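In this note's numbering, the protein residues as written are 439 to 692.
For each residue, glycine too, the CB sits at the ideal point set by N, CA and C.
Keep in mind that this is a model prediction, so the values were computed, not measured.
Below: the structure, in structure tokens.
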């Protein structure tokens with residue numbers, strides 16, 4: 439079980455609900471950055487039989503990644519509950535961030551599709567080219583480009599939802615970042631990820647897939663070498679998200 443700090447209590451009055459589908463995919467650095475911005479987190483772990491609420495009572499929603507596929511509803515019945523919660527959060531204009539699996543679930547929620555990646559495993563540090571639309575986006579505007587972040591995924595979003603605003607892409611998989619409506623974002627990469635957690639993920643890579651093993655291992659070295667810039671870029675995104683949470687909560691209270 440990966441170490442996960444207890445960020446459920448703090449000085450902040452705002453709170454984000456964090457759905458953690460997998461014990462090996464914790465909130466990691468994102469939780470620390472949100473807490474530093476005065477936003478506490480309540481973590482729900484459906485793999486531990488935690489109940490996913492139907493309505494988002496908190497000020498924001500974060501859905502983390504997981505080793506399962508977003509197509510595995512027959513195994514993980516609660517994936518449908520996550521999609522329903524994402525739809526509810528969007529309807530109430532609650533800031534939402536879907537990460538990797540979370541982004542794929544968001545895409546499915548609003549009419550996009552997910553399939554097995556046709557370019558194999560994407561792993562290590564990715565350089566996300568920000569599209570022109572990102573310059574006007576509330577979350578992505580002003581972020582450095584190319585945007586560097588950790589990644590590891592085998593599925594891909596092959597079609598974005600019809601209403602999505604496409605924000606970022608990599609050479610291997612184009613649909614890396616998108617927005618739905620005003621306050622829901624999906625990112626295929628992992629802005630929360632540290633090298634320490636990435637290292638633990640190496641044991642989850644299919645050892646019978648030589649290409650995936652090579653990419654994941656090479657990605658570990660790249661992550662260690664580039665973590666300073668990865669941390670700078672992903673921390674900037676996290677703090678931008680926190681700012682949106684505060685701003686949205688302030689408007690809602692008026």
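Give the DSSP-derived three-state secondary structure of residue i in the structure shown.
i, result
"residue 455", "strand"
"residue 513", "coil"
"residue 466", "helix"
"residue 502", "coil"
"residue 475", "coil"
"residue 536", "strand"
"residue 672", "helix"
Please report the residue range of the beta strand (DSSP E) in which residue i lies.
i, result
"residue 493", "Note, residue 493: premise wrong, no beta strand (DSSP E); not H, not E."
"residue 410", "Within the shown structure, residues of the chain are numbered from 439 to 692, placing residue 410 beyond reach of any answer."
"residue 572", "No beta strand (DSSP E) contains residue 572, which DSSP labels as neither H nor E."
"residue 552", "551-554"
"residue 531", "Element bounds for residue 531: n/a, residue is neither H nor E."
"residue 643", "That residue, residue 643, is in no beta strand (DSSP E); it is neither H nor E in DSSP."
Can you give me the Cβ contacts of residue i inside the same chain, cut-off strictly under 8 Å, excluding the 5 residues immediately before and after it?
i, result
"residue 518", "511"
Decide if residue i is buried, meaning its Cβ has at least 16 other Cβ atoms within 10 Å, or exposed.
i, result
"residue 493", "exposed"
"residue 546", "buried"
"residue 564", "buried"
"residue 415", "The question about residue 415 has no answer here: the residues shown for the chain are numbered 439 through 692."
"residue 539", "buried"
Which residues bound the alpha helix (DSSP H) around residue i?
i, result
"residue 543", "539-547"
In its own chain, which residues sit with a C-beta less than 6 Å from the C-beta of residue i, not counting the 5 before and 5 after it?
i, result
"residue 667", "586"
"residue 671", "582, 585, 586"
Here's a check: name, in chain order, each residue in its chain whose Cβ is nearer than 7 Å to the Cβ of residue i, leaving out the five neighbours to either side.
i, result
"residue 520", "457, 490, 501, 543"
"residue 632", "466, 467"
- Whole beta strand (DSSP E) elements within the segment 575-640, 3-residue minimum: Taking 3 residues as the shortest admissible run, the segment 575-640 contains the following complete beta strand (DSSP E) segments, listed from N- to C-terminal end: 585-591, 593-597, 603-607, 615-618, 622-625.
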